[in-house]
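If you're matching positions, the sequence shown starts at 6 in our numbering and goes up one per residue.
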Amino acid sequence: LNPVFTPKIKVYYSEVPFDVVIVKIRTEAANCHCRVHLDERQGPSIANYPLGLGNNRIHILVSDESRAQPTVIATYTVNVYRHSQPSLPAFDGSIMCSFVQDCGLIIRPSEPCGLQPVSSSSFSAVAQTQLLNCKAGDAKGQWVI
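Pasting the structure below:
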């Protein structure tokens, strides 16, 4: 994290290589009358974030819970830059993985979470089928990485 955390600085930056696809963010309030949430007023204080290529912005909200109506008193931004796929060397011996759901946000308990290896025969079968657009945000599917 750049720079090192201090409450007066509101924007932070970090870079990760191409092969890092998820970061885990855990926040903790320094004051017992405050709560920290990720991305929204009632969001979690710990979460796994899947990373796209380039800049990924994560907001951290600090709210004062000692007031009758909790109030956001500070917002921090963490920009995580994920580098593009390297052009060289070629990915000899690499493994393809799929991502069905985040382990920090289980939607279908019977489905695996996190990155799961995909066999080359399974990937070939998926690649040869015609892909359809999802009609709703909760349609069953997976990311292939």
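Positions of the beta carbon are idealized from the N, C-alpha and C atoms, including for glycine.
Looking at residue j and residue i, is the spacing between their C-beta atoms short of 8 Å?
i	j	result
Val77	Met101	no
Leu194	Ala52	Residue coverage of the chain in this structure runs from 6 to 150, which leaves residue 194 outside it and unanswerable.
Taking C-alpha atoms, which residue in the options lies nearest to residue i?
i	options	result
Ile14	Pro114, Val105, Thr80 and Ile111	Thr80
Gly48	Tyr17, Gly59, Arg31 and Ala35	Arg31
Tyr17	Ala73, Ser50 and Ile63	Ile63
Glu20	Asn61, Arg113 and Leu110	Asn61
Ser103	Thr82, Gln90, Pro114 and Leu120	Leu120
Lys29	Pro75, His88, Asp107 and Cys37	Asp107
Ser50	Ser115, Glu116, Gln90 and Leu110	Leu110
Based on the DSSP output, what are the partners of residue i in its beta bridges?
i	result
Lys15	Bridge partners of Lys15: none, in fact.
Lys140	Paired residue(s): none; Lys140 is not in a bridge.
Gly59	Arg87
Leu66	His42 and Thr80
Arg31	Ile51
Asn7	Tyr18
Straight-line CA distance for residue i to residue j?
i	j	result
Cys39	Cys118	32 Å
Thr11	Ala35	11 Å
Val85	Asn7	10 Å
Thr82	Ser68	15 Å
His88	Cys37	37 Å
Gln90	Ile112	30 Å
Pro75	Glu45	13 Å
Val105	Glu116	8 Å
Glu33	Pro114	28 Å
Val9	Ser71	28 Å
Ala73	Lys140	42 Å
Segment contact, 8 Å Cβ cut-off, at least three pairs: the segment 20–37 with the segment 46–66: With a cut-off of 8 Å, the segment 46–66 and the segment 20–37 count as touching, because enough Cβ pairs lie within range.
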